[in-house]
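Peer 1: Counting from 1, position 82 in the sequence shown corresponds to residue 82 in UniProt numbering; the numbering is continuous, with no gaps.
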Amino acid sequence: MIYLLFSILSSTAIFVLFKLFDRYRINTLQAIVTNYITAFILGLSLSTKKFNLSEIWNAKWFLGAILLGFLFISIFNIMAIVSQRNGVSVASVATKMSVVIPVIFGIYLYGESTGLQKLLGIVLALVAVVLVSLKPKSHIRIKNNLLFPFLVFLGSGIIDTSIKYLETFYVEDNGIPLFSATIFGCAAIIGVSLLLLFKKLNGSFKLNKLSLLSGSILGVVNYASIYYLLKALDHESLESSTIFTVNNVAIVMLSGIVGLLLFKERLSLKNWLGIGMAILSILLVTLA
Numbered sequence: 001m002i003y004l005l006f007s008i009l010s011s012t013a014i015f016v017l018f019k020l021f022d023r024y025r026i027n028t029l030q031a032i033v034t035n036y037i038t039a040f041i042l043g044l045s046l047s048t049k050k051f052n053l054s055e056i057w058n059a060k061w062f063l064g065a066i067l068l069g070f071l072f073i074s075i076f077n078i079m080a081i082v083s084q085r086n087g088v089s090v091a092s093v094a095t096k097m098s099v100v101i102p103v104i105f106g107i108y109l110y111g112e113s114t115g116l117q118k119l120l121g122i123v124l125a126l127v128a129v130v131l132v133s134l135k136p137k138s139h140i141r142i143k144n145n146l147l148f149p150f151l152v153f154l155g156s157g158i159i160d161t162s163i164k165y166l167e168t169f170y171v172e173d174n175g176i177p178l179f180s181a182t183i184f185g186c187a188a189i190i191g192v193s194l195l196l197l198f199k200k201l202n203g204s205f206k207l208n209k210l211s212l213l214s215g216s217i218l219g220v221v222n223y224a225s226i227y228y229l230l231k232a233l234d235h236e237s238l239e240s241s242t243i244f245t246v247n248n249v250a251i252v253m254l255s256g257i258v259g260l261l262l263f264k265e266r267l268s269l270k271n272w273l274g275i276g277m278a279i280l281s282i283l284l285v286t287l288a
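Next up, the structure:
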């Protein structure tokens, strides 16, 4: 359970950092790229297994790691936008309600049981994402206000499902640090490419030292969130459905509290209803 606790705290800290990036006008893209470089180096440092580049290239999980790297940096950028425009609680709910996706995936892949209660929970989850995304007196158009949280919801669900699948069938014992590092390394390469493309198209590029420092902190926190989640999923005494549920509910609640206390975010009645439905839907899916 200690691994799960660390994953919850780390994931919540990510949303807080995104909010601080906006407050202190930190270059988000530079920080995110630095974050993945830091996470990559950290993962290699923590790996106790000897390896070489050919071993990584020939690993069964390598193509999956490339896909996850692309999803990581894409969803991370969108998550930053949601945190800054819609609020910490909105970003956390949109991300963590994605638990319904690995649940649906598990029904078909692992033959898990389903029923009216579980289907009701999935439907409530989708409604909850919409309700919690609607902010009062927002200057953002509704279609954009819903689009970004939905993309975070969909992308996060695919990431969770893929991580569990690769960890179960392809990642060897003691291979979690190297697997994690490879994902972050792929994300870093894609991010650097985006920065170079931006420089070429925009004609100007100025490196921000504060963004580098902030990105390094984010990298440590981000790596911890994935590493400890994988360690919790690798624990034989805990079922994946229990892990994802407890992890997601705790992050939603903790992020909401942080948003209220630290950033004075106001939640409308619809937002509170959405958060309540989010928690209820996860409970329904789990207890089913």
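The beta-carbon is built from N, C-alpha and C at its ideal position, and this holds for glycine as well.
If contact is defined by three or more beta carbon pairs under 8 Å, each pair taking one atom from either stretch, is the segment 115-126 in contact with the segment 252-270?
Peer 2: The answer is no - the segment 115-126 does not touch the segment 252-270, with fewer than three Cβ pairs under 8 Å.
Peer 1: Rounded C-beta distance between Val34 and Gly215? I'm assuming under 8 Å.
Peer 2: It should be pointed out that residue 34 corresponds to Thr in this sequence rather than to Val. So it is a contact: roughly 3 Å between Cβ atoms.
Peer 1: Return the residue from the list Cys186, Ile81, Gly106, Glu167 that minimises the CA-CA distance to Met151.
Peer 2: Just to set this straight, residue 151 is Leu in the shown sequence, not Met. Of the candidates Cys186, Ile81, Gly106, Glu167, the one whose C-alpha sits nearest the C-alpha of Leu151 is Ile81.
Peer 1: Let me know if Asn86 comes out buried or exposed under the rule of 16 or more other beta-carbons within 10 Å of its beta-carbon.
Peer 2: With 16 or more other Cβ atoms within 10 Å, it is buried.
Peer 1: Run through the segment 164-203 for me and flag every whole alpha helix (DSSP H) of 4 or more residues, listed as ranges in chain order.
Peer 2: If we require 4 residues or more, the alpha helix (DSSP H) runs fully inside the segment 164-203 come out as 176-202.
Peer 1: What whole-angstrom Cβ distance do Ile8 and Asn247 have, given they're in contact under 8 Å?
Peer 2: The Cβ separation is near 6 Å, so the contact holds.
Peer 1: Please report the straight-line C-alpha distance between Leu120 and Ser225, rounded to a whole angstrom.
Peer 2: Those two C-alpha atoms are separated by around 29 Å.
Peer 1: Tell me the start and end of each unbroken alpha helix (DSSP H) in the segment 46-92 that is at least 4 residues and wholly inside, in chain order.
Peer 2: Segments of the alpha helix (DSSP H) lying fully in the segment 46-92: 53-58, 62-85.
Peer 1: How is Ser240 classed by DSSP in three states: helix, strand or coil?
Peer 2: Ser240 falls in the helix class under three-state DSSP.
Peer 1: When we look at the beta-carbon of Met1 and count the other beta-carbons within 10 Å, is it buried (16 or more) or exposed?
Peer 2: When all chains shown are included, Met1 counts as exposed.
Peer 1: Would DSSP call Asp22 helix, strand or coil?
Peer 2: Helix, per DSSP.
Peer 1: Quick check: the Cα distance between Gly157 and Lys270, rounded to an integer number of angstroms?
Peer 2: In a straight line, the C-alpha of Gly157 is about 24 Å away from that of Lys270.
Peer 1: Excluding five sequence neighbours on each side, which residues of the same chain lie with their C-beta closer than 8 Å to the C-beta of Val129?
Peer 2: The answer, listed in chain order, is Val93, Ala94, Met97, Pro149, Phe150, Phe153, Gly274, Ala278.
Peer 1: For Trp61, does the count of other Cβ atoms within 10 angstroms reach 16, so buried, or fall short, so exposed?
Peer 2: So Trp61 ends up on the buried side.
Peer 1: Identify, in the order they occur along the chain, each residue of the same chain with its Cβ nearer than 6 Å to the Cβ of Leu131, setting aside the five sequence neighbours on each side.
Peer 2: Lys270, Leu273, Gly274, listed in sequence order.
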